[in-house]
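In UniProt numbering, the protein residues as written are 1 to 105.
Worksheet: one structure, shown below.
Here is the structure:
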């Protein structure tokens, strides 16, 4: 059984980019939480298509300020994540905090 903690651990794993793929092939329901999205957005070893799979498994999931901050703080993939997040939610509110983090990177 895949739990939120298993998914969170896999999303945080930077040593094995393929650890999430088998998990994402299963029905995940509501276990794709904000914590999982934050961990995935902050992960420097993930590819854009992997993040797209996450969003396909969680359509309509709200992109929070914490997810945006994790994405923009990601020095390796931040631009890719932000592009994807803005495509998924073009009307997302970019807060002052997100802009401050972006300006400091």
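C-beta: ideal position from N, C-alpha, C; glycine also.
Computed from a prediction, not measured in an experiment: that's the story for all the values here.
**OP:** Could you have a look at residue 73 and say whether DSSP puts it in helix, strand or coil?
**Re:** The sequence position of residue 73 within the chain shown is 73, counting from 1. Correct three-state label for residue 73: helix.
**OP:** Measure the alpha-carbon distance for residue 76 versus residue 28 and round it to whole angstroms.
**Re:** Translated into positions along the chain shown, residue 76 becomes position 76. Translated into positions along the chain shown, residue 28 becomes position 28. In a straight line, the C-alpha of residue 76 is about 27 Å away from that of residue 28.
**OP:** Below 7 Å CB to CB, which residues in the same chain sit around residue 38 once its five sequence neighbours on both sides are set aside?
**Re:** In the chain shown, the residue the question calls residue 38 occupies position 38. Spatial neighbours of residue 38 in its own chain (CB-CB distance under 7 Å, excluding positions within 5 residues in sequence) are listed in chain order as 66, 67, 70.
Subject >> 8 Å Cβ cutoff met for residue 63 and residue 105 >> reply: In the chain shown, counting from the first residue as 1, residue 63 sits at position 63. In the chain shown, counting from the first residue as 1, residue 105 sits at position 105. Residue 63 is not a Cβ neighbour of residue 105, given a cutoff of 8 Å.
**OP:** Return the residue from the list 100, 97, 79, 84 that minimises the CA-CA distance to residue 53.
**Re:** Indexing the chain shown from 1 puts residue 53 at position 53. Ranking 100, 97, 79, 84 by Cα distance to residue 53 puts 84 first.
Original post:
Relative to the alpha-carbon of residue 86, which residue among 2, 51, 31, 103 has its alpha-carbon at the smallest distance?
Top reply: Taking the chain shown and counting its residues from 1, the one referred to as residue 86 is at position 86. Of all alpha-carbon atoms in 2, 51, 31, 103, the one lying nearest the alpha-carbon of residue 86 is that of 51.
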